[in-house]
Amino acid sequence: MAHTCDVAVIGGGPAGYIAAVKASKLGAETILVEQDTLGGTCLNRGCIPTKYYAKTAEFIYEAKNSAWRGIVLPEGFSPAVDMKQAVIGKDKTVRKLTSGIAGLLKAHGVQVVKGKGKAVSSSLVEVEGAEPIHCKSVILAGGSKEVQLPIPGLDHPQVYTSAAILDIETVPKRLAVIGGGAIGIEIAVIYHAFGASVDIIELTPSILPFFDAGISETFSGLLKSRGINLHTEGRIEKITPEGDELILELADGSQITADAVLAAAGRQPELSSIPEHLVRTEKGAVQVDPYMETSQPGIFAPGDVNGKCMLAHAAFHMGETAAVNAARRALPALGIERQISDLRYVPSIVYAVPEAASVGMKRAEAEERFEIITGTFPFSANGRAVAHGSPEGYIEVVAEQRYGRILGVHALGPSVSEIIQEAAVLMAMEVTVHELARCIHGHPTVSEALMEAAADAVGECLHLPPKQ
Amino acid sequence: MPEAIIMPKTGMAMEEGVIISWKVQEGDVIQKGDIVAEIETDKTAMELESDCAGTVLKLLYQAGSTVPVTAPIAWVGEPGEKIPDTHRQESEKITPETKAPEPQSPAQFAQEGKSSVSGPGKRAATPAARRAAGEQHISLDRITPSGQGGEIRERDVLAAARSATPLAARMAEEQGISIEETAGSGHGGKVFSSDLPGSESIRETRIPLTNIQRITGERMSESIRTIPMVTQHMDLDVTSFMEGRKELNSRRGYKLTINDFVLFAVSRALAEHPRMNSVLEGNEVICRHEVNLGAATATKRGLLVPVLKGAQSMGLLQISQRMKKLAEAARDGTLTADEMSEGTFTVSNVGMFGITSFTPIINPPEAGILGICAVQQLPRFMNNELKQRSIMGISLTFDHRIMDGAEAAEFMQSIQGYLEVPLSAFI
């Protein structure tokens, strides 16, 4: 007996499960197809488990840096991590959240079908090992997979994907991280805190190439000062096992020896839920319009699968948009208004110690399009950050000179993953630096630095010496 | 002796107030301190308490009326007591534009909407509403009144006021745009910068014209507006020409393009038809002896027309080599002003795009423009036999003030002659 519904969703990650909940909330009978555990990469293999480990890393850094507070630790104290226990704790955290999603879907009346779904048309989804689903519109939220690098030796069992490395039960002595993007840096910092000696190999001239150049540069300095080795413009030719070790040979002739390698070269859309020629793809990503609709009317593709912005929070937004438009198509009588996804103000965050966060245009991009003004506030001048013992980093506000429109905010420092939300909201609501500079912020807080940076942009920062 | 309830003066600057609604009716018995009416000043709305006790003998104004401060608005006393006859004079003080016409019932008032306006362009409104409207730069004409007497209240103004983001407000102010007249896309109609005219929104991308595109656009519009143009199409059988070109190119090892031959043919035809190589000035047609051939060239920055000067005396190879250099310069952006001026006729070739006919627009002040179209393989009858032939379309637009259709057709026939029977160039 085939299933019938209004909206069929393929994929139970951030884009898919939110789309299913939203479609159902709008009154559409909704079925979600997921072959694995609900929650997608973010919850099972990405954001959440790494945040669990990142907190552990922060504890260790804090403990190591606690003598100045007068905290007395046993002589020769060196915090170590019991990885078996850490993995159990990580899994427990993930399980709690995935079961939460199952409960959420159930509470919203979404039927979950287990199996690998594949769209045949906007009205038919086939499921391997289960009955087909007849529907009125389809939401493809297939997510993404790790980019496979064509490096010989990458298939060695001591070379881990970013998902697999989260389950290793011993801390490697020497870890080589291929890829200096957000995932690579986060895991590098985690295992460095856990006691590994870490080398990061990045193909481009700087780590965090998608961040503002100033942030990349400052972060590089910080990582180096901690003893993490950076090899930028590093191209790996091959990886050869030697005994228990792995030898990474670089194009410049140098070698890096490691006990484990993390391959974190980035992610690419997972297109296996999409039959060829059904929807238009470009550069390996499904093409969608701002309504999240593909070239095939009635088929929507939110989240990583469209490659527009491969972040869970962007996926939530796109999933919701897709659901509104899919339900609108499936149930025209409801008179649902069309919705678009505006992805201009999506924060990007690196959850390392300290954190890096960014929203809007990089300074260099902004400079190309506008006459700009910039303001910066260092955390060394922020009372709360200094008291925390985290005076590294800064917040920079890039604004259009003419109206003071905030074009980008770039931050490195304590709690900036939280502060960047304020920046994103202000930008979306078009508050300018002139207003932000005059908004009262609680004192002492780390987030004051944002207001101070805005004030600096208009030459009104009173907590910094006058500019020359 | 009846006592008056007066419109209170609640602030130094207050001159009048509006009775928003009555809380009592004539005949009601009231105590001191009872709420008798809701009134609104330019600052606030308030409830008016009675200073006296007794029976409400007379309500002097309808709800919605504007009354000067200290004027009596109601009389309270013993039932049957005669009330002083002074209020009518007082009521005359009500400002004409804000006074609600008394004879009408509130229902009539609401139905007639704008007819409640007693002066031109003026609407009944409370002072607070007027102040708010002034602050928000909103015309009272746009506002739907909710007052019982049909008057506009402050809350109506606030409901109608469009809010704008700080950025949109700054942009609107600097550019002199009225926020009030801008449809906002945000929640509750909030105006965002993308809602302002001329700004970019996520639904569309705005690409400014390049200078070249702007100038070309202006010239083309001017041309279309001022020149009575006619376009004539003709099919040329270029089969033998195409074969000859192929052979010539393979023998010489130099690639002569179709365009080179066309330019050559046009330069000769223009020399034979001077009116096509002319410019109209007042009542005179000035025929130029020099043939300066423009060749419309698409570049990244827009359409450019490099000019081949003195083409009438150039040989085919010379035309080809010179044109090649000019086209390259056009694409590289290194064309000098001199190389783009003094054209007398223009050729526009769209054949490579498969276009089979079009209507080119004259590049003023020239007399004509020739469009070159694609060469197609088509069946044609030759001596009662169907043959595969190479057919090229040409589209000539000319200025009907300078010549008529027959003259233009003769020019086309000349080109036809050169391209269909290449040997005719020797004649």
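Residue numbers (this note's numbering), protein chains in the order written: chain A, 419 to 886; chain B, 25 to 451.
All residues carry an ideal CB built from backbone N, CA and C; glycine is no exception.
Within its own chain, the residues whose Cβ lies closer than 6 Å to the Cβ of Pro389 (chain B), once the five positions on either side in sequence are excluded, are Val303, listed in chain order. The shortest C-alpha to C-alpha distance from Ala351 (chain B) to any of B:Ala152, B:Lys270, B:Arg194 and B:Thr281 is the one to B:Thr281. At least 8 Å separates the CB of Ala196 (chain B) from every CB of chain A.
Burial check for Met31 (chain B): the Cβ neighbour count within 10 Å reaches 16 or more, so the residue is buried.
The alpha carbon of Glu204 (chain B) has as its nearest neighbour, out of B:Pro26, B:Leu220 and B:Leu191, the alpha carbon of B:Leu220.
A straight-line Cα-Cα distance of about 50 Å links Glu178 (chain B) and Gln705 (chain A). Burial state of Thr792 (chain A) is buried, judged by a 10 Å Cβ sphere holding 16 or more other Cβ atoms.
Per DSSP, Met416 (chain B) is one residue of the beta strand (DSSP E) stretching across Glu409 to Asp423.
Met779 (chain A) and Asp760 (chain A) have their alpha carbons spaced roughly 14 Å apart. Flagged as an interface residue toward chain B: Glu848 (chain A), by a C-beta distance shorter than 8 Å.
Beta-bridge partners of Pro403 (chain B) (DSSP): B:Gln412. In the structure shown, Glu878 (chain A) falls within a coil segment according to DSSP collapsed to helix, strand and coil. Taking C-beta atoms under 8 Å as the contact rule, Ile586 (chain A) and Tyr578 (chain A) qualify, at a distance of about 7 Å. Against chain A, a Cβ distance below 7 Å from Ser217 (chain B) picks out Glu848. Residue range Ala730 to Ala748 is occupied by the alpha helix (DSSP H) that includes Val742 (chain A). With a threshold of 16 other beta carbon atoms within 10 Å, Thr675 (chain A) falls short and is exposed.
With a minimum length of 3 residues, the unbroken runs of beta strand (DSSP E) contained wholly in the segment 309 to 373 of chain B fall at 317 to 319, 321 to 323, 326 to 328 and 369 to 373.
Taking every protein chain shown into account, the CB of Val53 (chain B) has fewer than 16 other CB atoms within 10 angstroms, so this residue is exposed. Residue pairing by DSSP places Pro796 (chain A) opposite A:Tyr812 in a beta bridge. Listed along the chain, the chain A residues whose CB falls inside 8 Å of the CB of Leu233 (chain B) amount to none; the nearest CB is some 17 Å away.
For Thr189 (chain B), the chain A residues whose C-beta falls within less than 8 Å of its own C-beta are Met847, Glu848 and Val849, listed in chain order.
Each residue's CA atom was taken as its position, placing Asp423 (chain B) and Pro252 (chain B) some 6 Å apart. If you draw a 10 Å sphere on the C-beta of Cys423 (chain A), you find 16 or more other C-beta atoms in it, and that means buried.
For Pro772 (chain A), the three-state secondary structure derived from DSSP is coil. Contact of Ala192 (chain B) with chain A by beta-carbon distance below 9 Å involves Glu848. Relative to the Cα of Tyr763 (chain A), the nearest Cα in the group A:Gln757, A:Leu752 and A:Ser776 belongs to A:Ser776. With 16 or more neighbouring CB atoms inside 10 Å of its own CB, Val451 (chain A) falls in the buried class.
Each residue's CA atom was taken as its position, placing Gly78 (chain B) and Met25 (chain B) some 11 Å apart. In this structure, B:Arg413 is the residue among B:Ile393, B:Gly395 and B:Arg413 with its C-alpha nearest to the C-alpha of Leu402 (chain B).
For Asp428 (chain B), there is no enclosing beta strand (DSSP E), as DSSP gives it neither H nor E.
Residue state for Pro492 (chain A) is assigned as coil, using DSSP reduced to three classes. Sequence-ordered contacts of the segment 853 to 885 of chain A with chain B read Glu853 [C-beta pairs closer than 8 Å]. Cβ contact annotation for Arg346 (chain B) (same chain, cutoff 8 Å, sequence separation greater than five): Leu332 and Met338, in chain order. Between Gly613 (chain A) and the set A:His735, A:Tyr479, A:Asp630 and A:Leu854, the nearest pair of CA atoms involves A:Tyr479. Taking the CA atoms as reference points, His735 (chain A) sits about 8 Å from Pro720 (chain A).
Restricted to the segment 552 to 634 of chain A, the alpha helix (DSSP H) segments that are unbroken, complete and at least 4 residues in length are 600 to 611, listed in chain order.
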